[in-house]
Amino acid sequence: MRKKKKFSNEADQNEEMSLQITSMADIFMIILVFLLKSYSTGLSNVSPSQGVILPEARAQALMKDALKVEILKDSVLVDQKPAVSLKNFAFTDAAKDPTASSGETSAEISKLLMAQRKNMAGNEVDSHLLLLADQRTPYATLRRVMNSAASAGFVDLQLAVVQAD
Amino acid sequence: MSVSVEGSDQDFDLNIAPIIDCFTVLIAYLLISASFLSIGFFDVGVSTTSEVSAPSTPLAPQEMMSVGIGEGKTLEVRLSGPETTTISVPGKGGSRDYNTLLATVKAARSRWPALTDASVKADPQVEYREIIQTIEQLKKEVPKVFVGE
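Here the protein sequences come in this chain order: A and B. 1 is the number of the first residue of the first sequence in our numbering; add one for each residue after it. 1001 is the number of the first residue of the second sequence in our numbering; add one for each residue after it.
Shown next as C-alpha cells:
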C-alpha cells in the first residue's frame, strides 16, 4: 500500500490519498492459488463425521478411492447412510445377524455393503474399504463391523488415523 | 493505460476493486471449508475363519505371528512355525510396552526372515486406539498386518 500525500500549500491542508490495490490483488491471487491447490490435494472427502475422534498415529499408506464406513458412538454409517444403531459404541442384540453361524456379523451392514458392491461396475469391483472409527470403539464392535465387511467381500481395509506430529 | 480510438487518446484505469471483492469471498469460502486435519491410513487385511479342505500332502509349517492385546496392559506375541513360542510383554509405567513389542518382532523377523505377516487380536473391550498403536508398531517391521480371528 502506498500512501500519496499532496500538499498544495501550507495553509490549505487538503490531503489526497489513493489506495494502491494492485499489490493487494497480487497477494490475494497467491493466497487463492495456494488454497485452491491445497483444497484439490486435500482429503476433504474423508473428513470424519461430527463427534468422531480418530486415533493418532504415523501412517504412510496412500489413500485409495473406496467405500467409506464410519463407526460413531450411536451408529454405524455406510457411505454416509445409517446402517445400524449402537448404544455407547456397542451393538444392541437386535443388530445381531440371526443367519450368521457365529453371530459376529451385522445383517444390516452386510446388506448395505453388498448393495454397494453390486453397484460397482463389472470388473471394477474393489475389495477395499475405508474405515473411520472412533478411538474409543471397543474391539468387539470393530470385529463385528469388519466381519460384516468381509462377508460382503471387502477384505482389504484402510484404517483412517490422524497423523501424529 | 492509453488506447487510441479514431485518432483520439483515452486514458482509463482497470477497476480491480470488484476483483478484490471476488477474491475475498473465495478466500473466505476456501478457508472456512478447508480441513486442517492431516489424515493418514493403515492398510490391513481382515482375518476371517473359513473352512478349507485339507491338503492331500502335509504342508511345511508356515511361520506366523499373532499379537494379542489383553484388557490389562500386557501384549502377547505368539510365534508359530518350526517351533511355537509365546512371549508375554508386560506393561511398563501404566501403559503398554510398545518398544519391547517392536524389539520382540524385530528379533522374530531376524530369526525367521520369511515371516511377513502378523495378525492382531484383542479382548472385546480393548479400545480401537490401542489396536491402532499396536498396528503402528507392527507396520514398522512387518509389511502385512491382519486384524481379526
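Even for Gly, the Cβ is constructed at its ideal location relative to N, Cα and C.
Amino acids of chain B, ordered along the chain, whose beta-carbon sits closer than 8 angstroms to that of residue i
{"i": "threonine 137 (chain A)", "result": "Glu1127, Tyr1128"}
{"i": "methionine 24 (chain A)", "result": "Ile1020"}
{"i": "aspartate 134 (chain A)", "result": "Tyr1128"}
{"i": "phenylalanine 28 (chain A)", "result": "Ile1020, Phe1023, Thr1024, Ile1027"}
{"i": "leucine 160 (chain A)", "result": "Here the sequence assigns alanine to residue 160 (chain A), which means leucine is not the residue at that position. What alanine 160 (chain A) touches in chain B: Ile1039, Gly1040, Phe1041."}
{"i": "glutamine 60 (chain A)", "result": "Gly1040"}
Reduced DSSP category for residue i - H, G, I as helix; E, B as strand; rest coil
{"i": "arginine 1156 (chain B)", "result": "Outside the displayed span of chain B (1001 to 1149) sits residue 1156 (chain B), for which this structure offers no information."}
{"i": "lysine 73 (chain A)", "result": "coil"}
{"i": "glutamate 1130 (chain B)", "result": "helix"}
{"i": "lysine 32 (chain A)", "result": "Lysine is not the amino acid found at residue 32 (chain A); the sequence shown has leucine there. Three-state DSSP puts leucine 32 (chain A) in a helix."}
{"i": "serine 1119 (chain B)", "result": "strand"}
{"i": "leucine 54 (chain A)", "result": "coil"}
{"i": "lysine 64 (chain A)", "result": "coil"}
{"i": "threonine 1057 (chain B)", "result": "Confidence at threonine 1057 (chain B) is low in this model, with a pLDDT of 49, below 50, so its placement is unreliable and the value that follows should be read with caution. Note: threonine 1057 (chain B) maps to coil in three-state DSSP."}
{"i": "lysine 1011 (chain B)", "result": "Note on identity: in this sequence residue 1011 (chain B) is aspartate, with lysine being the wrong assignment. Here aspartate 1011 (chain B) sits in strand by DSSP."}
{"i": "phenylalanine 154 (chain A)", "result": "coil"}
{"i": "lysine 1144 (chain B)", "result": "strand"}
{"i": "serine 85 (chain A)", "result": "strand"}
{"i": "leucine 1037 (chain B)", "result": "coil"}
{"i": "leucine 132 (chain A)", "result": "strand"}
{"i": "proline 1124 (chain B)", "result": "coil"}
{"i": "proline 1018 (chain B)", "result": "helix"}
{"i": "serine 106 (chain A)", "result": "strand"}
{"i": "alanine 1107 (chain B)", "result": "helix"}
{"i": "serine 1047 (chain B)", "result": "strand"}
{"i": "alanine 164 (chain A)", "result": "coil"}
{"i": "alanine 115 (chain A)", "result": "helix"}
{"i": "alanine 90 (chain A)", "result": "strand"}
{"i": "threonine 146 (chain A)", "result": "Strictly speaking, residue 146 (chain A) in this sequence is methionine, with threonine absent from that position. Note: methionine 146 (chain A) maps to helix in three-state DSSP."}
{"i": "leucine 19 (chain A)", "result": "coil"}
{"i": "alanine 59 (chain A)", "result": "coil"}
{"i": "aspartate 126 (chain A)", "result": "coil"}
{"i": "alanine 1114 (chain B)", "result": "coil"}
{"i": "valine 1052 (chain B)", "result": "Its pLDDT being 44, under 50, valine 1052 (chain B) is placed unreliably in this model, and the value from its coordinates should be taken loosely. Valine 1052 (chain B): coil per DSSP, three-state reduction."}
{"i": "methionine 120 (chain A)", "result": "coil"}
{"i": "glutamate 1136 (chain B)", "result": "helix"}
Residue i - partner residues in DSSP beta bridges
{"i": "lysine 1092 (chain B)", "result": "B:Ser1095"}
{"i": "proline 1065 (chain B)", "result": "One point to set straight first is that residue 1065 (chain B) is methionine, not proline, in the sequence displayed. Paired residues: B:Leu1079."}
{"i": "phenylalanine 1042 (chain B)", "result": "A:Leu159"}
{"i": "isoleucine 1087 (chain B)", "result": "B:Val1077"}
{"i": "phenylalanine 1023 (chain B)", "result": "Phenylalanine 1023 (chain B) pairs with nothing; no bridge assigned."}
{"i": "proline 197 (chain A)", "result": "No answer is possible for residue 197 (chain A): the residues shown for chain A start at 1 and end at 165."}
{"i": "proline 138 (chain A)", "result": "B:Glu1127"}
{"i": "valine 78 (chain A)", "result": "A:Val69, A:Lys81"}
Exposed unless 16 or more other CB atoms sit within 10 angstroms - verdict on residue i
{"i": "asparagine 119 (chain A)", "result": "exposed"}
{"i": "glutamate 1141 (chain B)", "result": "buried"}
{"i": "aspartate 134 (chain A)", "result": "buried"}
{"i": "alanine 1034 (chain B)", "result": "exposed"}
{"i": "leucine 129 (chain A)", "result": "buried"}
{"i": "leucine 1059 (chain B)", "result": "Since pLDDT at leucine 1059 (chain B) reaches only 49, below the 50 mark, its modelled position is unreliable, and the value read off the structure follows with that caveat. By the neighbour-count rule (16 or more Cβ atoms within 10 Å), leucine 1059 (chain B) is not buried but exposed."}
{"i": "threonine 1085 (chain B)", "result": "exposed"}
{"i": "arginine 1111 (chain B)", "result": "exposed"}
{"i": "asparagine 147 (chain A)", "result": "buried"}
{"i": "alanine 149 (chain A)", "result": "buried"}
{"i": "glutamate 70 (chain A)", "result": "buried"}
{"i": "phenylalanine 1146 (chain B)", "result": "buried"}
{"i": "glycine 1148 (chain B)", "result": "buried"}
Chain-ordered neighbours of residue i on chain A, where CB pairs are closer than 7 angstroms
{"i": "aspartate 1093 (chain B)", "result": "The sequence given here places glycine at residue 1093 (chain B); aspartate does not occur at that position. Ordered by position in chain A, no residue passes the 7 angstroms Cβ test against glycine 1093 (chain B), which lies about 19 angstroms from the chain."}
{"i": "alanine 1122 (chain B)", "result": "Tyr139"}
{"i": "isoleucine 1087 (chain B)", "result": "Those within 7 angstroms of isoleucine 1087 (chain B) in chain A number zero; the least Cβ separation is about 21 angstroms."}
{"i": "glycine 1072 (chain B)", "result": "Simply none; closest approach about 14 angstroms."}
{"i": "valine 1147 (chain B)", "result": "Met146"}
Partner residues on chain A for residue i, Cβ-Cβ distance less than 8 angstroms
{"i": "valine 1067 (chain B)", "result": "Within chain A, no residue comes near valine 1067 (chain B); the closest Cβ sits about 13 angstroms away, beyond 8 angstroms."}
Under 9 angstroms from the C-beta of residue i: neighbouring residues of chain A
{"i": "threonine 1134 (chain B)", "result": "Near threonine 1134 (chain B) there are no residues of chain A at all, since even the closest Cβ is about 10 angstroms away, more than 9 angstroms."}
{"i": "alanine 1017 (chain B)", "result": "Ile21"}
Amino acids of chain B, ordered along the chain, whose beta-carbon sits closer than 9 angstroms to that of residue i
{"i": "serine 47 (chain A)", "result": "Ser1035, Leu1037, Ile1039"}
{"i": "serine 38 (chain A)", "result": "Leu1030, Ala1034"}
{"i": "aspartate 156 (chain A)", "result": "Asp1043, Val1044, Gly1045, Val1046"}
{"i": "glutamine 163 (chain A)", "result": "Leu1037, Ser1038, Ile1039, Gly1040"}
Under 7 angstroms by beta carbon: chain B residues contacting residue i
{"i": "aspartate 185 (chain A)", "result": "The structure shown does not extend to residue 185 (chain A), since chain A is modelled only from 1 through 165, so no value can be given for it."}
{"i": "valine 69 (chain A)", "result": "Going along chain B, no residue has its Cβ under 7 angstroms from valine 69 (chain A), so there is no contact; the nearest lies around 12 angstroms."}
{"i": "asparagine 88 (chain A)", "result": "What asparagine 88 (chain A) touches in chain B: nothing, since even the nearest Cβ is about 12 angstroms away."}
{"i": "methionine 63 (chain A)", "result": "Phe1041"}
{"i": "isoleucine 149 (chain A)", "result": "Checking the sequence shown, residue 149 (chain A) turns out to be alanine, not isoleucine. What alanine 149 (chain A) touches in chain B: Val1046."}
Given 8 angstroms, three or more beta-carbon pairs between the stretch 1034-1048 of chain B and the stretch 150-163 of chain A: yes
The stretch 1098-1105 of chain B contacting the stretch 1065-1079 of chain B, beta-carbon criterion three pairs below 8 angstroms: yes
Touch test, the stretch 1127-1135 of chain B against the stretch 51-63 of chain A, Cβ-Cβ under 8 angstroms, three pairs minimum: yes
At least three beta-carbon pairs within less than 8 angstroms, the stretch 1013-1022 of chain B to the stretch 137-144 of chain A: no
Selection of the stretch 103-120 of chain A by Cβ proximity to chain C, strictly under 7 angstroms: Included in the structure are the protein chains A and B, with no chain C among them.
The stretch 80-95 of chain A / the stretch 24-38 of chain A touching (three or more Cβ pairs under 8 angstroms): no
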